[in-house]
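Numbering (UniProt numbering), first residue to last: 1 to 627.
Everything below concerns the one structure shown next.
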């Protein structure tokens, strides 16, 4: 493009932004790589896209490579595993077949920012997230995919000229307003311009580079004020003071939670002593007199090793808290019979039968392989022909009989080995495993929807706690937090020593102070590493490497103190965002919101409820009591 140098000023530029030429062709990659820019021409700001001059250049893609050398591309569905089978994660150059076009330059566009009506997240082919811009004339521009991130930086630059606010009806739609008080009084009648029913949760993990769109789900200060009932205080401060919304390069203004909420200081937390007495908590018939007190002590300090064998069976639901000694004897007898009936089922299968049962044969092969490499440094499982390995194998095979739908999935051996070590009993370890799996079985489901949801929840918490850290991770294509996948899958089993994991698990099994305390533990670890990450030259690969190298380097008590302090800091916040409250269990949606088959309608109801309520207060939320 030719222009008078004096009349042209480049404000922002980002390479690796792909223009999608045909959103309806879902089976082909119809994209052109290019640049997105914000420029001033004769003082008029405009958003421009133009193709790369060198058509041979391409953006990085992510693949994981198995040890046997067979590469498996995962351009849009990268899910990191925890086993050695998922060995190498690398950034590579991907050869891309470009769309055969007569002239890629024909797709270039320049839109004055004053003519921008809205931005919208959408999903078309290949499972990728795209940004769709619409002009005030109602004409959408070709969708843009930020293959290398950069949306936050783009919004910072745009915020110099316009205000972007989220629709109270559609969480994926953002309206553009000039820095003009009169524009803020526009109605929302046109917010139904688009109809996209894609699921906000399922976007996670689809593409590590698309995670910068996570900031779109924030409700800004303007909408929180504008949708309150009419009254003297309903006039938005932004309407009279355009500088009210963040406009500097240091404050993107589009974080998920960063909407003027001050969390306050993080309190100091001290840990307690482990539970070291048991009989004094039992009545003459053996009932636990005060289960809540037991849980509080366990949360505060864990359980002394000599009592774990007994207490764990209560924490994991093998024994009811209100059961008598006689009732527990009956339960053990019944559960023992039930266990061995299931064990006989797979033990009695002949080799000839198993040859025609590929599912059972596959489970047996996978279990044998995993058992041979599970906690072999622990004396209970070390050496060849160790009876502990036999028990580990038999319990896992029996679980396949117990849960046909799930069967065996890699990682379950990691959950069982501490249970078997503590109980020293095949039957008891099995029923403790079933109790543990009640808490985490969704982690192992093939769809991985539960893992995606937890990574999304972790992102929501971290963005509330540390927007700066989230900005850094986003800038390095790590905003999806996929490097935390192993942490959440097997509850940090590979990150701490064997003895430490016994303490951590019993603390989390107490279900105090909230069901998602394991996510706060992850936040505590991530924030402890912010000094090693922010300001460093880490990229996606070196961040992943750094996180992996934390194994056995973390101090458990420091991490637990940090997690509890985070919980207290959040619950003491006067204006804790609704999404954070939901993750922490401080706000529970109504059954109609949860059960509605229309995810778009559910999201709409949630957004409206949040905007009408304004900034939700934590003071009214029930907070568990613990010493």
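We put the CB at the ideal spot given by N, CA and C, even for glycine.
No experiment lies behind these values; they were computed from the predicted model shown.
Asked                                                                                                                 : Found
CA nearest to the CA of residue 149, picked from 370, 160, 35 and 516                                                 : 35
Rounded separation between residue 569 and residue 579 - CA only                                                      : 16 Å
Expected contact under 8 Å - CB spacing of residue 462 and residue 526 to nearest Å                                   : 6 Å
Meets three-Cβ-pair contact criterion under 8 Å: the segment 386-401 and the segment 266-282                          : no
contact_flag[the segment 280-298, the segment 457-476] where n(CB pairs < 8 Å) is 3 or more                           : no
Continuous beta strand (DSSP E) assignments of at least 3 residues falling wholly in the segment 393-451              : none
Selection from 295, 427, 117 and 108 that minimises the alpha carbon distance to residue 162                          : 117
Simplified DSSP state of residue 567, which is helix, strand or coil                                                  : helix
Given residue 338 as reference, the closest of 431, 425 and 137 once Cα atoms are compared                            : 431
Sheet register partners of residue 134 (DSSP bridge)                                                                  : 118 and 140
Spatial neighbours of residue 46 in its chain, beta-carbon cut-off 8 Å, leaving aside the 5 residues before and after : 38, 39, 40, 110, 111, 112 and 113
Pair within 8 Å by beta-carbon distance, residue 454 and residue 488                                                  : yes
Rounded separation between residue 429 and residue 328 - CA only                                                      : 16 Å
Same chain, Cβ closer than 7 Å to residue 556, neighbours up to 5 away in sequence not counted                        : 496, 500, 503 and 504
DSSP state of residue 31 mapped onto helix, strand, coil                                                              : strand
Pairwise C-alpha distance: residue 313 and residue 292                                                                : 15 Å
Within 8 Å, strictly: CB atoms of residue 559 and residue 536                                                         : no
Whole-Å CB distance - residue 315 paired with residue 142, under 8 Å assumed                                          : So it is not a contact: roughly 55 Å between Cβ atoms.
In DSSP terms, what residue 110 is bridged to                                                                         : 48
Secondary structure of residue 637, DSSP reduced to three states                                                      : Coverage of the chain is limited to positions 1 through 627, which leaves residue 637 absent and any answer about it impossible.
Rounded separation between residue 16 and residue 584 - CA only                                                       : 37 Å
Closest Cα partner of residue 306 within the set 421, 518 and 119                                                     : 421
Straight-line gap, residue 121 to residue 172 (C-alpha atoms, nearest Å)                                              : 5 Å
Test item: CB-CB of residue 444 and residue 411 under 8 Å                                                             : yes
Test item: CB-CB of residue 484 and residue 522 under 8 Å                                                             : yes
Whether residue 349 touches residue 360 by CB criterion (8 Å)                                                         : yes
Buried or exposed (CB count within 10 angstroms, at least 16 for buried), residue 166                                 : buried
Three-state secondary structure assigned by DSSP to residue 544                                                       : helix
DSSP three-state assignment for residue 160, whether helix, strand or coil                                            : coil
Bridge partners - residue 275, DSSP secondary structure assignment                                                    : 303
Cβ neighbours of residue 530 in the same chain (closer than 6 Å, five flanking residues each side left out)           : 469
Through-space distance from residue 465 to residue 262, alpha-carbon basis                                            : 10 Å
For residue 571 and residue 618, the rounded distance between their alpha carbons                                     : Reliability of the predicted coordinates at residue 618 is poor, the pLDDT of 35 falling under 50, and no value is obtained from them.
DSSP state of residue 178 mapped onto helix, strand, coil                                                             : strand
Inter-residue spacing [alpha-carbon to alpha-carbon] between residue 366 and residue 423                              : 24 Å
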